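In what follows, a structure is listed as structure tokens, so that the remarks can point back to it.
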Amino acid sequence: MTQDASATQPPALEMRGITKRYPGVVANDHIDLDVRRGEIHALLGENGAGKTTLMNVLYGLARPDEGRILLDGEPVEIAGPSDAIARGISMVHQHFMLIPVLSVAENVILGSETMSNRVFVDRAEASRRIGALAKSFGFALDPDAKVATLSVGQQQRVEILKALYRDARILVLDEPTAVLTPQETEEIFTLLRRLAADGRSIIFISHKLYEVLDIADRITVIRRGKVIGERRPRETTEKELAELMVGREVELTVDRGISHPGEPMLRVEGLRVADYRRHEAVSGATFEIRAGEILGVAGVAGNGQDELIEAIIGLRRSAGGHVILDGRDVTGFSPRRMNEAGTGYVPGDRHRFGLILAFPLYDNLVLTSYYRPPFAHWIVRDDKAILDSARAQVDRFDIRTPGVNVITSTLSGGNQQKVIVAREFDRSLKLLVLDQPTRGLDVGSIEFIHRQIIAKRDAGTAVLLVSAELDEVMEMSDRIAVMYRGRMVAEMDGRTADKSEVGLYMATGGREPATTEEGATP
Amino acid sequence: MNAIPEALNALPLIGILFQFLGYVAANVTFMSQTTVAVAVPVALAALCGAVCERSGVVNIGLEGIMLTAAFVGWLAGVFAVGMLGHGDPLPVFGITPPLLIGLAAAIGIGMLVSLLHAWLSISARVDQIIGGTIINIGAVGITGYLYSLVANQSLNGAGSFKALAVPKEVADFPLIGWLLNAVLAQGPIGILTIFLVIFLQIMLFRSRWGLRTRAAGEHPRAAETVGIDVIRLRYFNVVMAGALAALAGAWLSMEHGNRFDANMTAGRGFIGLAAMIVGRWTPLGAFGAALLFASATALSASLTISPPSGDLGNLTNQVPGEFWEALPYIITIVVLAGLIGRSIAPAADGVPYERESAT
Amino acid sequence: MSGLAADARRLLARAVNLRLLQVVAEPVLAFVFALIVGGIGIALFSAYVPGHAAFDVGLPIAAYGSLISGFASPNGITSTLVYATPLVLAGLGVAIGFRGGLFNIGGRGQFLIGTVGAMAVVTWIGKDAGPWITIPLALLVGASLGGFAGFIPGFLKATSGAHEVVTTIMLNYVLLFVMAWAVIGPLALPGAPQPITADVSTRNGDLPIILGRDGHLGLLIALAAVPIMWFLLFRTTIGFEIRAAGANPDAARYGGMKTRRLIVLTMTLAGFMCGLAGATTLLGVVHEMTPGYDTTIGFDAITVALLGRSNPIGVALAALLLGAMRAGAQTMQIQAGVPPELVDALQAIILLFLVVNVLRRLMARRKRRPGKGEPAAAAAVPVAGVGIE
């Protein structure tokens, strides 16, 4: 390895030849990475490229099959997270590692507790110290609040506090902006720059090109477990990074074509829905989607989107208001009646709601229609009809599988999602409800599913697309609505909407006057 | 003077209720002391369950651990008497060397069986309810087999621990005398149980062990990422909790009774699990629920020993004896079904933790 | 294209092999290991068996020998089938619960209340109604009472979430007392010195013998139940719903299934099968009841369902195995002096070896590279997936 000539001291972190194999995949294939003191180093790659695995190796959560790790030039063995923490490495995971029933202070000190003696935790001292630490970084956090009551943005601050409390010198952030508003993203970036200026090293994992160009000092691109290249933001473009990341020329935006909206297809009027704790999560949501139109609902996670969707498709009872589909009041319909009324649904959590992973592919393809002809006569299943239909759908939706008898859990994430898409899209629909339909998928699958959605829209289906990922909403929607604290607070044209304006509505609900702070978009 | 109570007693329904309250008041000393005693094994089982489940391991094998400990404790006592003789009992609790040896053996085997459950649940990652059931089946089979082997020998057991003799002045203390008597007129395991309830309540919510245990039961991965060894913690908790279930078993064969019977646990471990749920996985709450379940047994015992008179007596005479025996189980079902919606288990309860998994 | 097809064929072949391995080799191996461990156990405590020295290695051999001779004779084979009959029925009851993601430990209570139901019918109408009405009605009432005993925990789980493991066990004890009360009270034979019911054969209630000395009609009921249950589970929409709700209740709910109703239905069916087991045992084998009547069917049925991987055909085979052990246990006690509780202990050891997948563990160890974690094959199955592969 040739060292950068300007470096007078060894890098804060070097990873050499890291290889990690899982059954059937090589997640990391001889990856080299070095991060200097005071540097923000971006790790760019699409979902499943091996970024998280590499960081789990660094953090001691996964043991590499080959390779070495050097800190300040010294080879080290990191056997587990406690080793990593002791060596000044901290990680903010994509899925927060917080315990909802414990307080902010308890979450922060866990593992490195402030003690009054050898047995008991000094909770007052913990509270005091965490409060002071939060204040010094300008976080408005009550150390005694239960984490379950915090917003997503606040929870991320708790995660960062955990790292700061342990005085991390190397801070890894895995897709930290995925669920944030553009304004929150900008706040995080400001914080990261400040931490880097303090001499800390920051590894920033992302698949968002513009963000990486904005924040990083250096960018390492990973594809299918291998390092493909290293760039500096000044010397590269989004287009080049995209090609490095995917391995072929990609279009940066979907061609959503021109929509030709028809008559109003779905009307939701004053819908009120309670969440599982019986708090009102949707408080009077009102909107309309026309046939042949995609309505994107943006919003920070936890503003009632899940409850809204579940109420529309019949998984959750509404406490008031109406859902009207094609002129017919379908409020309170069961999932089956909604399905029969012409609704398709792609759930956000495909493993929980979308699929029965332990079942073969063909059973999952008839999960919503198994009981009706041609798949069943009275109560007896028609296996031939089920298998024939399954084979046809596997072909039509390009599901890569050795056969229709294969257990669904053995398929890749992209192919699992295609199973759901095949089941839900493969008939004439009035309404299609999509909850983060491409979360965690590779670019190829994303493109495929986006094309299917556009095709459905062009066939006259009303599409409701809900996503905490603002980018997807911005790219796909003909119209954008913003959901804030259970209400639709803004509505705008999908083509002309300004991202920072949407973000502001997401963060504040639009009640405060818009500050003229520069948005995160380049 | 007695005109008003008599008038009340004469009323239908309400009258029966008043007679019942009067009956309870008259027998409060016996019933409260019996309630605490009967609650002891249930509470210990509940504590065992709580310590396991707070760290994320469901332990329905505790019934089998109790049964095994009851058998081994009794058998070790038999052997010890054979080798050492009975020895002179100490004035307090009637402690003899064979009894202590039996108790130690019970605790030892309880922790050993619990270690098997820990291995099944944590390392082998067998479904924890299945694993626990296998331990229960095995406990019934193996103790049953060995007991029928030794039962035809004439065996000399170690006897049992004795309850503390509460001085009459304390028991007759106005207003709270019956309560002091109920708590103090117990054997060593009974009194230890009350101490353990308070001790574990404090430890679970104030100590570092408690914080880490709760973290491991709610979100083991989060605990692991801050450097807590979840696997080790769970092993520790399950094995330690085995000692609690073993104490419950020892109580059956060495404090409540002085012999072993096949299947003598009779579902007390499961009632303990119900008490744990009703008590929302807290030691104090579980103890409260155990007392509630035990009060049914105490009532039926009292009705047998000193049957009430009058209308109430006529009524209780009409109720078959089997009903009173079934009552604790019925109450457990009813309370469990009635309260469960408001009792939420630790989030990762029963979910095996996999340290390394593909992303 | 042909490469993909070849890949597919290889994958399929591997899947088939793995299935065969799981379904046949693993239970057999678990059984063999359990016999070895059980044998060591017998030898360890041989001093307590009259006429044997301490650590007598000959005793386990004698015990197993007499166990085998107990069922490997014409009478022994009939006896095995008779023992297997309630095991098949109750085993199917536990298996359908597993398929539906529910753990029915209430087989004991459901069996006993099924016995009470059948006894009541025979006692009250047997004399007047004749066998053609008495027997079917007794079986139906017994099974239905068992179904009701399953319905209660199912209903409680569906409405309040009370875990069926705790409620079914509590119900076992309640039903044990209900049975004792019934035998002492309404079903008692008047004038008997000790509380006992009538003998069903005096009231047109005994099942006809169709095979050998004691092979009763219940054999055919069990034989018919296996394909019926298989068809229900794998060829009907109801079976699909039960299995779907067991494997992933959230997805089943989204698929339009009424998961709460399915919990109640599954538990009721499970109880029905265990109740039927109780009723056939009364009418076919025991013929009368005392207040102390009891059964080991609750645990036995769990063993059978797990050993048979919750597959009706597997359940039938596992029931035959356990039935043979139960049939031989009496001979073993008489000839070798080894208590019949050995079968209970062996059961647990078989299950222990079964659930930890000894075979796959051994194979995985050979292939495992240093520095690797546990083999993927040993990964946990959720309750819903228990015993299903």
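Protein chains in written order, with our numbering: chain A, 1 to 522; chain B, 1001 to 1359; chain C, 2001 to 2389. All residues carry an ideal CB built from backbone N, CA and C; glycine is no exception. The structure displayed is predicted, hence computed values, not measured ones.
Helix, strand or coil at residue i [DSSP, three-state]
i	result
K1162 (chain B)	coil
E230 (chain A)	strand
T286 (chain A)	strand
Y22 (chain A)	strand
L133 (chain A)	helix
R2368 (chain C)	Only weak support is given to the placement of R2368 (chain C): the predicted model assigns it a pLDDT of 42, under 50, and the value that follows is read from those uncertain coordinates. Of the three classes helix, strand and coil, the one that applies to R2368 (chain C) here is coil, per DSSP.
K2258 (chain C)	coil
R487 (chain A)	strand
G1310 (chain B)	helix
V2057 (chain C)	coil
N28 (chain A)	strand
I942 (chain B)	Residue 942 (chain B) is absent from the model: chain B starts at 1001 and stops at 1359.
E2241 (chain C)	helix
M1264 (chain B)	coil
T2 (chain A)	Unreliable positioning characterises T2 (chain A) in this predicted model, as indicated by a pLDDT of 42, which lies under 50. The coordinate reading is nonetheless provided below. Three-state DSSP puts T2 (chain A) in coil, outside helix and strand.
D493 (chain A)	strand
T2268 (chain C)	helix
S151 (chain A)	coil
K146 (chain A)	strand
E46 (chain A)	coil
I258 (chain A)	coil
Cβ-heavy atom distance, residue i to the ligand ATP, below 7 Å
i	result
Q305 (chain A)	Questions concerning the ligand ATP fall outside what the structure shown contains, since it holds no ligand whatsoever.
Distance CB(residue i)-CB(residue j) smaller than 8 Å
i	j	result
G332 (chain A)	G284 (chain A)	no
L1336 (chain B)	A2162 (chain C)	yes
T1225 (chain B)	H41 (chain A)	no
P2291 (chain C)	I2184 (chain C)	yes
G2323 (chain C)	L2087 (chain C)	yes
P2153 (chain C)	T2168 (chain C)	yes
I2263 (chain C)	L2102 (chain C)	yes
A2348 (chain C)	I1060 (chain B)	no
Of the listed residues the options, nearest to residue i (C-alpha basis)
i	options	result
L434 (chain A)	A:R427, A:H450 and A:R396	A:H450
V346 (chain A)	A:R278, A:V419 and A:E288	A:V419
M55 (chain A)	A:R218, A:S206, A:A376 and A:S112	A:S206
A1296 (chain B)	B:G1015, B:A1037 and B:A1046	B:A1037
D528 (chain A)	A:E307, A:D349 and A:A291	Because residue 528 (chain A) is not part of the residues shown, which for chain A are 1 to 522, the question remains open.
V404 (chain A)	A:V380, A:V366, A:P437 and A:S428	A:V366
A1345 (chain B)	B:A1039, B:I1014 and B:A1050	B:A1050
P2036 (chain C)	C:A2063, C:A2054 and C:P2050	Checking the sequence shown, residue 2036 (chain C) turns out to be Ile, not Pro. Answer by Cα proximity: C:A2063.
S1207 (chain B)	A:V179, A:M488 and A:T114	A:T114
A1076 (chain B)	B:V1334, B:I1305 and B:S1253	B:S1253
L504 (chain A)	A:A298, A:I188, A:S90 and A:G199	A:A298
S477 (chain A)	A:R487, A:A497 and A:A490	A:A497
V227 (chain A)	A:R37, A:P182 and A:G45	A:G45
G1257 (chain B)	B:I1189, B:G1056, B:A1347 and B:V1058	B:I1189
Just checking, does the segment 2111-2125 of chain C make contact with the segment 2142-2154 of chain C on the three C-beta pairs under 8 Å criterion? yes
Cβ contact check for the segment 139-152 of chain A and the segment 297-307 of chain A: 3 or more pairs under 8 Å: yes
Pairing CB atoms from the segment 1085-1104 of chain B with CB atoms from the segment 1260-1270 of chain B, are three or more of them under 8 Å? no
Return the chain-ordered ranges of every alpha helix (DSSP H) run that is complete within the segment 2122-2164 of chain C and spans a minimum of 4 residues. Listed in chain order, they are 2131-2160.
Is there contact between the segment 1310-1321 of chain B and the segment 1102-1120 of chain B, where contact requires at least three CB pairs shorter than 8 Å? no
Within the segment 1022-1054 of chain B, note down every full alpha helix (DSSP H) run reaching 4 residues or more, in order along the chain. 1028-1054
How about the segment 2117-2129 of chain C and the segment 2201-2220 of chain C: do they share at least three Cβ pairs that are nearer than 8 Å? As far as the Cβ criterion goes, the segment 2117-2129 of chain C touches the segment 2201-2220 of chain C, which means the pair count is three or higher.
4-residue-minimum alpha helix (DSSP H) runs that sit fully inside the segment 159-212 of chain A, ordered along the chain: 182-197
Do the segment 1221-1237 of chain B and the segment 1153-1161 of chain B meet, that is, are 3 or more Cβ pairs less than 8 Å apart? no
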